[in-house]
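If you're matching positions, the sequence shown starts at 3 in my numbering and goes up one per residue.
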Amino acid sequence: MKLDRRRFIGITAGCLLGTHPVLASGATGARWRGVALGAHADLRLVGLPAIEAEGLLRAARGEIERLERQFSLYRADSALVRLNATGILEQPGPDMLELCSLVSTVFQASSGRFDPSVQPLWTAYARAGGAPDRKALAAARAAIGWDRVDVTVDRIRLAPGAALTFNGIAQGFITDRVVRLLKAQGLETGLVCLGEIAAVGASPSGGGWAVGLADREDQPADARIHLRDKAVATSSSDGTLFGAGPAGHILDPETGTAAPADWRRVSVIHRSAAMADGLSTAAVLENPTGLREMANRVPGAEIRAIARDGHDLIL
């Protein structure tokens, strides 16, 4: 199975990339390209003096690196990988505990549709190229249940056979943390994007930041929203496929099946990128009634869904 999903990571401070004539001089801004959160990364700061931009960029990279060591499934030295390997994580620390608390909030708000303990199910699909047999599915489903994960200040303990993935919320959590860091360093306006997009303050025009929406990251945007001091996260059932498909990467913890093809995409807008991230993951699994109920349970959440037939649902 090949999961070749690219993720653009950009921070635009003060103006949109490419729209300010001074950018061509090379005297302003800074850029870093590498790998973060298991994907290609392109981290940019523009519209600032180069020395200032480099300092902010180093601080942002350091925060991403620090949190990757907690939540990444792609790093052998991460706290999450150790937890999955041993079933227990002693002294989990404030970042892990805060994320687990957020997970519990989204788990409740989504009536259990968002459940990071779905990792054994994901593994079963991955090993079988998207078509696991009944025995493998039954074994995976038996290990699922966020309400069975024991989280205390001193330790996190998993049930036998259980494993976690924070891929449906960690990008938003780290986005929120980078926003917090940059605002503490004096950022008053800009966009922060680490898979999910957070808007800080007003755009250069004085209104909200224009953000394009698309079904997949490699497709051009076909809709636009405007954000100010809010974040947006978008999920699609076929954003990433197992093998040749048709099973997508978002799996239902209750039924063990891949998300139905009801929605082309679902976007969630909220002041918290982590909340938007988690809710958008769960929202792909819902029908229109379920989306309405989810929106009503989360104050400040706005849901924009596009059905396969092109019908829009805005809640």
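In this text, a Cβ means the ideal position worked out from N, Cα and C, and glycines have one as well.
Distance CB(residue i)-CB(residue j) smaller than 9 Å
| i | j | result |
| --- | --- | --- |
| residue 152 | residue 158 | yes |
| residue 172 | residue 69 | yes |
| residue 200 | residue 236 | no |
| residue 97 | residue 170 | no |
| residue 287 | residue 315 | no |
| residue 165 | residue 122 | yes |
| residue 210 | residue 230 | yes |
| residue 290 | residue 115 | no |
| residue 118 | residue 88 | no |
| residue 190 | residue 174 | no |
| residue 104 | residue 276 | yes |
| residue 336 | residue 150 | Outside the shown range of the chain, which is 3 to 317, sits residue 336, and nothing can be said about it. |
| residue 269 | residue 196 | no |
| residue 33 | residue 47 | yes |
Three-state class that DSSP yields for residue i in the structure shown
| i | result |
| --- | --- |
| residue 27 | Residue placement at residue 27 is poorly supported in this model, since its pLDDT is 38, which falls under 50; the coordinates are not used for a value here. |
| residue 278 | helix |
| residue 150 | helix |
| residue 139 | helix |
| residue 239 | coil |
| residue 1 | The requested residue 1 is not part of the displayed model; the chain covers only 3 to 317. |
| residue 214 | strand |
| residue 53 | helix |
| residue 208 | coil |
| residue 129 | helix |
| residue 318 | In this structure the chain extends from 3 to 317, so residue 318 is not present and cannot be described. |
| residue 166 | coil |
| residue 234 | strand |
| residue 302 | coil |
| residue 310 | coil |
| residue 286 | coil |
| residue 119 | helix |
| residue 273 | coil |
| residue 114 | coil |
| residue 293 | helix |
| residue 326 | Nothing about residue 326 can be reported from this structure: the residues present for the chain run from 3 to 317 only. |
| residue 317 | coil |
Supposed close pair residue i, residue j - CB separation, criterion 8 Å
| i | j | result |
| --- | --- | --- |
| residue 180 | residue 213 | Actually they are not in contact, since the Cβ atoms of residue 180 and residue 213 sit about 17 Å apart, beyond 8 Å. |
| residue 265 | residue 307 | 5 Å |
| residue 281 | residue 300 | 7 Å |
| residue 31 | residue 62 | Rounded, the Cβ-Cβ distance is 13 Å, inconsistent with contact. |
| residue 184 | residue 58 | 6 Å |
Spatial neighbours of residue i in its chain, beta-carbon cut-off 6 Å, leaving aside the 5 residues before and after
| i | result |
| --- | --- |
| residue 80 | 71, 74 |
| residue 106 | none |
| residue 227 | 213 |
| residue 205 | 211 |
| residue 148 | 109, 117, 119 |
| residue 86 | 165 |
| residue 26 | Per-residue confidence for residue 26 stands at a pLDDT of 35, beneath the threshold of 50, marking its modelled position as unreliable; no derived number is given. |
| residue 111 | 299, 300 |
Cutoff 8 Å; reference residue i; Cβ partners in own chain excluding five residues on either side
| i | result |
| --- | --- |
| residue 77 | 70, 71, 83 |
| residue 60 | none |
| residue 261 | 239, 250, 252, 253, 254, 286, 287 |
Beta-carbon proximity list for residue i, same chain, < 7 Å, skipping 5 on both sides
| i | result |
| --- | --- |
| residue 283 | 116, 170, 237, 252 |
| residue 232 | 201, 271, 272, 273 |
| residue 139 | 126, 258 |
| residue 154 | none |
| residue 28 | Per-residue confidence for residue 28 stands at a pLDDT of 45, beneath the threshold of 50, marking its modelled position as unreliable; no derived number is given. |
Check your understanding: Which ranges does the beta strand (DSSP E) cover as unbroken runs of at least 3 residues, wholly within the region 61-108, from first to last along the chain?
Key -> 90-92
Exercise for review: Pick out the complete alpha helix (DSSP H) segments inside the region 171-205, 4 residues or longer, and give them in chain order.
Suggested key: Correct list: 172-186.
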